[in-house]
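Worksheet: one structure, shown below.
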Amino acid sequence: ARALDLELGDEIGRAIDQRTRSVPDYYADIPVPLVLVGILEGDPEVSRGPSVRLGFVSAEYLNSHELYAPRATGLLVFAKEGRKAALDDFLETTIRCKYTGVETFADLVELFKKARVAVYAIFGVVNSVVGVAMAFVVGIINRIAIAKRLSEFGLLHALGRHKKQLIRRLTLETATVSGAGCLIGLGVALAIMGWLKNSLFYDLGMELNLFNPAPFCFVLPIPLITVALTFLSIRRVFGQLDAVAIVERGKLSQESTGKWAVKRSRTPRSSVRPLSSLAFYLRHRRRGVLMILGTALMVLGVTLPVFLLSAITSAMMPYLEYLHHVSVISPVHAELDPGVVGQVRGHPAVERAIPVMPIGIRMILPPGGGTDVRIYGVSETDLPILLELFGVRVQEGRLSRPRTNEILLSAAIAANRGLHVGDVIGGENEDDDTLVVDDLPTEMVVAGILSPDRPWIGFASYEYLHSHELTSFRSPRLLVIPREGQKQALDNWLETSVDSTQTRITTYGAEEREYREMTNSLVLTFALLECMIAAVAAVALTMLNHTFFTQRREEFGVLNAMGRSRPWLVWRTVKEIGSVVGVAWVFGAGLCGIGLLAMQGLVYGPRGLTLDFFSLTPWLLTMPLPLVVIAAGVGTISWALSRLDPVVVIERR
């Protein structure tokens, strides 16, 4: 009641969905309005945890109403005390068959578990890549901080502290800071989620487990990677630690010693364009490479999962393509009203109306999704008409014979499910180890494969399905073929005049709107995620840019004293940071493209799916990241330049 904002006395029904054009349809299964007379509340003394979500209505009313009565009756089976597991096992192994469907708590848990694993896999990729990228940035900052503390380390080493002790001390410092940051971040996250639980989630009638261990597992790699990379960097720097050289000159030893010693670099050659925006990073290649790599990994972490998700959703589009040619009229519960059928057939925009029997097959969409594809039972005389209308022909095998259990499938469906001519599918042949659940109550034999592979559709014998005991109770649907150039006018008329509490209209426009709603919610989710990543990147890179400016203070002071204005220096900084970020973006995009090509060749192609490489949405979602990085860097440098006194810089060189 809270989720749907209902109060006592409210009416609910399909008319509300039609009036508000709700997507999804909240009350699609309620053709005639029902009145809410009571709101149930869970008893905490009877059951702890989330309350049961269900509702009750009069069985006598449903059985006596013409729009509710033609529906199958199910059974709620109550287990004896302590026998729930045994009952579920009995139902799943003995009762479940092609004649009877069984739904148990264990089934739902397994379904949600697999869906959760798919979500965790996607966000795990984002989390890991961004964690590595941020660790690179932190590693750079730590390396600079270590360089500033060389005198301290040299003195401690000269006083007898072993290098291993110093390495452990610095690693422990980093671990302490990373752990504190991790705890603060988790505390803030829990506070936000607690607020959401008590406000938004409660209002939606949903539960939120604040102590789910999965988010904590996602957090752990970030401080661990940071500490590990810092440890390696410290060992490498301490390979050159010479206490005498540091005490005397305040610098590392000029001689390389030990396994982790750094080779002496050659003296940089003079640049012919010393004021170029690329000069600094060309002379400090390691710093530039680390910044490019860190930014590229963050771009990759955002772009690749978004590309995969948008690819999954765009891969579903061929399912809708047959609706470019036809519209579908379905009865809500009973048979189609003959008057409605006659009205549709007589409309001037209608070329033909073909009765069909619906069954379905499921297409697998990696990594863990799927979409249902329609197979329509059509008569022997109507089959050639639909094949010509959809522009498909038999590529392998032959046409299905009337009054038999033979089906035709598009090439994409056959490739996706690994089916060949002569294979048997449906009935009790389903694989219990997967989430593939086909709407094929009886066994069907693949008689032919259609080409081209789009649209995704299949055909069976109308006569066979209409006479079979497992499908004969299904109400036929109507495929409405428009006259040439009249498709949009027909769809508008169907949606406004024919769609009612007794009939449901399926058009390309309505299905596309629902598809857009789904993709927009995915895009919004990743947009929020990227804003968080961009904020973290801005903080880290702001610190890094401030450190870089401190090291280059003399350079900026001399240029300012020589007549270069502060706006010129800011613009030079913009070009420097923009060049690095641009290279990082191109590098990250290239890695993403390689990953997508690999996914297409190894995963999606063999499944008969095609990724959309030219979707602009994933690329647009990467834009905030480089823009925030540039803005943070330029803002930091501008603020520092506003306090720069070139005379003081030159006097104290």
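Every position in the sequence shown, counted from 1, becomes a number in the working numbering once 14 is added. Even for Gly, the Cβ is constructed at its ideal location relative to N, Cα and C. Bear in mind that the values here come from a model prediction, so they are computed numbers and not experimental data.
Residue environment: Met637 is assigned as exposed (fewer than 16 neighbouring CB atoms within 10 Å of its CB, all protein chains considered). Boundaries of the alpha helix (DSSP H) around Gly607: 580-613. Between Pro469 and Tyr336, the CB-CB gap stays under 8 Å. Taking Ile44 as the centre and dropping the five residues before and after it, the same chain places the C-beta of Ile26, Gly27, Arg28 closer than 8 Å to its C-beta, in chain order.
By alpha-carbon distance to His480, the top candidate from Gly391, Ala194, Phe70, Leu234 is Gly391.
The alpha-carbon of His171 is positioned some 15 Å away from that of Ala161.
Taking C-alpha positions only, Ile463 is separated from Glu483 by approximately 27 Å. Here Val66 carries a coil assignment [DSSP, helix/strand/coil].
Of the candidates Arg407, Asp453, Lys177, Met305, Asp453 places its Cα closest to the Cα of Met377. The alpha carbon of Met207 has as its nearest neighbour, out of Ile519, Leu423, Asn223, Gly193, the alpha carbon of Asn223.
Taking a contact as a CB-CB distance under 8 Å, the pair Leu184 and Ile236 does not count as one, their CB atoms being some 19 Å apart. For the pair Arg299 and Asp19, the Cα-to-Cα distance works out to about 60 Å. Nearest to Pro362 by alpha-carbon distance, out of Leu508, Val594, Arg97, is Leu508.
Considering only Gly649, Val354, Arg67, the residue with the shortest C-alpha distance to Leu218 is Arg67. A contact is defined here as three or more CB-CB pairs under 8 Å, and the region 395-413 fails this definition with respect to the region 526-536.
When the Cα atoms are used, Leu122 and Lys128 turn out to be separated by approximately 10 Å.
By the beta-carbon neighbour count (other beta carbons within 10 angstroms, threshold 16), Tyr113 is exposed. Judged by beta-carbon spacing, Asn574 lies within the 8 Å limit of Arg580, meaning their Cβ atoms are closer than that value.
The beta carbons of Val387 and Ile471 sit closer together than 8 Å. Annotation: the region 455-536 contains the following complete segments of the beta strand (DSSP E) (minimum length 3 residues), in chain order: 458-465, 472-475, 491-496, 517-520. The region 342-352 makes contact with the region 489-498: 3 or more CB pairs, one atom from each, lie closer than 8 Å. When DSSP states are grouped into helix, strand and coil, Ser247 belongs to the helix group.
Gly308 carries a helical assignment under DSSP once its states are collapsed to helix, strand and coil.
Put simply, the region 415-424 does not touch the region 594-610. Fewer than three CB pairs are less than 8 Å apart. DSSP, reduced to helix, strand and coil, places Asp396 outside both helices and strands of the structure shown, so it counts as coil. Relative to the Cα of Ala132, the nearest Cα in the group Leu558, Pro620, Leu379, Ala654 belongs to Leu379. Only exposed fits Met576, as fewer than 16 other CB atoms lie within 10 angstroms of its CB.
Contact annotation: the region 595-608 touches the region 307-314, with at least three C-beta pairs closer than 8 Å. Rounded to the nearest angstrom, the Cβ distance from Val51 to His79 is 17 Å, too far for a contact under 8 Å. In the assembly as shown, Asn430 is a buried residue. Its beta-carbon has 16 or more other beta-carbons within 10 Å. Our two residues, Leu214 and Tyr40, have alpha carbons roughly 19 Å apart in a direct line. Remark: C-beta atoms of Ala474 and Gly411 do not approach each other more closely than 8 Å. Scanning Glu457, Ala554, Leu180 for the CA closest to the CA of Gly253 turns up Leu180.
Nearest neighbour of Leu536 by Cα position, chosen from Leu639, Asp396, Leu635, turns out to be Leu635.
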